[in-house]
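In what follows, a structure is listed as structure tokens, so that the remarks can point back to it.
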Amino acid sequence: MMRSSVVFPIGEEGEGASRRTLENRPSAVAAFLRRVNGEHDNRRVVHGVKVGIALVLASVVSSVGPLYKFVKEDAVWAVMTVVVMFEFYAGATLSKGLNRAAGTLSGGMLGCLSVILAKFIPGQVGSTIGVGTAVFISGAAATYARSIPCIKRKYDYGGMIFILSFSLVAVSGIQSQDAKGILKIALQRLGTVTIGFWASILTSLFIFPIWAGAELHTSMAPKFELLACSMEGLLERYFEVGADKDSKADGNFKSCRPVLNSKAKDESLALFAKWEKWNWKFGLSYPWDKYLKIGELLRELAATIVALEVCIKSSRQPAADVRRLIKEPCELVASSLTMTLRELGESIMNMRRCQSNVRAVQKLRTSWLVLRLYKSPAKLEHVCDPGQDLAVSSFVFLLTEMVEKLEWLVKEVEELGDLAKFKINDI
Numbered sequence: 014m015m016r017s018s019v020v021f022p023i024g025e026e027g028e029g030a031s032r033r034t035l036e037n038r039p040s041a042v043a044a045f046l047r048r049v050n051g052e053h054d055n056r057r058v059v060h061g062v063k064v065g066i067a068l069v070l071a072s073v074v075s076s077v078g079p080l081y082k083f084v085k086e087d088a089v090w091a092v093m094t095v096v097v098m099f100e101f102y103a104g105a106t107l108s109k110g111l112n113r114a115a116g117t118l119s120g121g122m123l124g125c126l127s128v129i130l131a132k133f134i135p136g137q138v139g140s141t142i143g144v145g146t147a148v149f150i151s152g153a154a155a156t157y158a159r160s161i162p163c164i165k166r167k168y169d170y171g172g173m174i175f176i177l178s179f180s181l182v183a184v185s186g187i188q189s190q191d192a193k194g195i196l197k198i199a200l201q202r203l204g205t206v207t208i209g210f211w212a213s214i215l216t217s218l219f220i221f222p223i224w225a226g227a228e229l230h231t232s233m234a235p236k237f238e239l240l241a242c243s244m245e246g247l248l249e250r251y252f253e254v255g256a257d258k259d260s261k262a263d264g265n266f267k268s269c270r271p272v273l274n275s276k277a278k279d280e281s282l283a284l285f286a287k288w289e290k291w292n293w294k295f296g297l298s299y300p301w302d303k304y305l306k307i308g309e310l311l312r313e314l315a316a317t318i319v320a321l322e323v324c325i326k327s328s329r330q331p332a333a334d335v336r337r338l339i340k341e342p343c344e345l346v347a348s349s350l351t352m353t354l355r356e357l358g359e360s361i362m363n364m365r366r367c368q369s370n371v372r373a374v375q376k377l378r379t380s381w382l383v384l385r386l387y388k389s390p391a392k393l394e395h396v397c398d399p400g401q402d403l404a405v406s407s408f409v410f411l412l413t414e415m416v417e418k419l420e421w422l423v424k425e426v427e428e429l430g431d432l433a434k435f436k437i438n439d440i
């Protein structure tokens, strides 16, 4: 009888493979931990703990004797309310909670009214048809209203909850024989939602709140710095001759991507920030809409920088001696641009008005007048090859466009300082 055997690698090859595997494990774990820590900050952990606290609070309150006798099996809706309502930012939680409260209250009341009116229709079949008609009309009308842009942006969740509450109360109430039973169903539904609502609101606002307004404020200043660094890198590569110019230009373009792709996040943060009246740092009527205008101007500047990078990577660029003719005015404009961008970013971050903004605008205007002389291809036609004068003029034109956009940006930041009552910088 033959016996099967299993051979274990005991030699140097097997030991080496095992050793390499064990040696690689710590590095793999460390890389995983670095990746997790890089993608998620400590606020994610705080948010998870707060959701757990809200779930426990809703569960405990719903299980108290008198309340549990009232809500009975509907107590699960309190926990479900916390799950679907609790958001990362305090303003988002409050906005979603008020939408849910309004949708539940209005949907429940109209659902009760529709069932009571349907009871006047003779016969069980007639009452069922009446309730079905009411559900159809309310669902269709609310769904159409949710598709309207101004309603969808602010009250989409409330409209969905209205449809859900109306349908649940109407369908459940048709089985009851009297108005008292219908009203009890609606009150049970409203009571469980109220428990989940207050558990979420109290936890979100009073236990290490995460403010959307603070996120929008602190995320604005780095955008100024990104644009300033991109501008410095672009001018440096344009007036240098090197083999790695394309790779450096690609790096500058990537640094502009966070600014170019920030519109959706800025709009959502500004919307949530308007609900955060408890944030003492910014007050009750902080001008969050100004941040949206400033962000729009920053995206326009980022788009102009991308266009400048396209000019740099163009195959029809003039020779180095031709570019040297416009080096001094271009560097003067670039230094004014980067200095002004950094000052504006610091002004917003520190919530202080910078007194040098007026001087910066005057310097930008002087640089713009000097650089404007080089916009016409006729000025460079005697020193450039055919086609190269247009490339130089396009580059200069984009720089002058940045100067004009930055002037508007300075005005918006000054208006923000006036409305938000920034402190005056004594320096």
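Under the working numbering, residue 440 is the last one in the sequence shown; the count climbs by one each step, no gaps. The C-beta atom is built at its ideal place from N, Cα and C for all residues, glycine as well.
With distance defined between alpha-carbon atoms, name the residue in the options nearest to residue i.
{"i": "V97", "options": "G171, A155, K434", "result": "G171"}
{"i": "M233", "options": "P271, S213, L248", "result": "P271"}
{"i": "W291", "options": "P222, S243, E245, K326", "result": "P222"}
{"i": "R202", "options": "A286, M352, A88, F252", "result": "A88"}
{"i": "V128", "options": "R113, N112, S185, I361", "result": "S185"}
{"i": "A212", "options": "K167, K236, L111, A91", "result": "A91"}
{"i": "F175", "options": "A131, W293, A225, G120", "result": "G120"}
{"i": "E313", "options": "F295, P342, C269, M352", "result": "C269"}
{"i": "F179", "options": "D169, G61, V58, I198", "result": "I198"}
{"i": "L510", "options": "M173, I307, G61, A315", "result": "Look at the range of the chain in this structure, 14 to 440, and you will see that residue 510 is not part of it."}
{"i": "V64", "options": "L297, E420, F101, P135", "result": "F101"}
{"i": "S406", "options": "L419, R366, I339, A131", "result": "I339"}
{"i": "N363", "options": "C343, G308, S349, I437", "result": "I437"}
{"i": "L111", "options": "L422, R337, V206, E228", "result": "V206"}
{"i": "I208", "options": "T351, P135, V69, L403", "result": "V69"}
{"i": "V346", "options": "P79, I66, L419, A103", "result": "L419"}
{"i": "A67", "options": "P79, A131, T106", "result": "T106"}
{"i": "L432", "options": "L403, W421, V416, I361", "result": "I361"}
Just to confirm the assignment, what range does the alpha helix (DSSP H) spanning residue i have?
{"i": "K165", "result": "162–186"}
{"i": "D279", "result": "276–286"}
{"i": "E322", "result": "301–325"}
{"i": "P235", "result": "234–251"}
{"i": "N292", "result": "It is not in any alpha helix (DSSP H) - N292 carries neither H nor E in the DSSP assignment."}
Tell me the DSSP secondary structure of residue i in three-state form.
{"i": "G430", "result": "helix"}
{"i": "F221", "result": "coil"}
{"i": "K424", "result": "helix"}
{"i": "P135", "result": "coil"}
{"i": "F149", "result": "helix"}
{"i": "S76", "result": "coil"}
{"i": "E100", "result": "coil"}
{"i": "I142", "result": "helix"}
{"i": "I129", "result": "helix"}
{"i": "I339", "result": "coil"}
Sort out for me which residues DSSP pairs residue i with in a bridge.
{"i": "K436", "result": "R365"}
Within the chosen definition, does the region 148–157 reach the region 211–231 through at least 3 CB pairs nearer than 8 Å? no
Answer yes if the region 297–316 comes into contact with the region 420–430, meaning at least three C-beta pairs across the two stretches below 8 Å, and no otherwise. yes
Do the region 315–322 and the region 236–244 make contact, defined as three or more Cβ pairs closer than 8 Å? yes
Spell out a yes or no on whether the region 276–296 and the region 410–423 are touching, meaning 3 or more CB-CB pairs, one atom from each, closer than 8 Å. no
If we count Cβ pairs, one from each stretch, closer than 8 Å, do we get three or more for the region 136–150 versus the region 65–80? no
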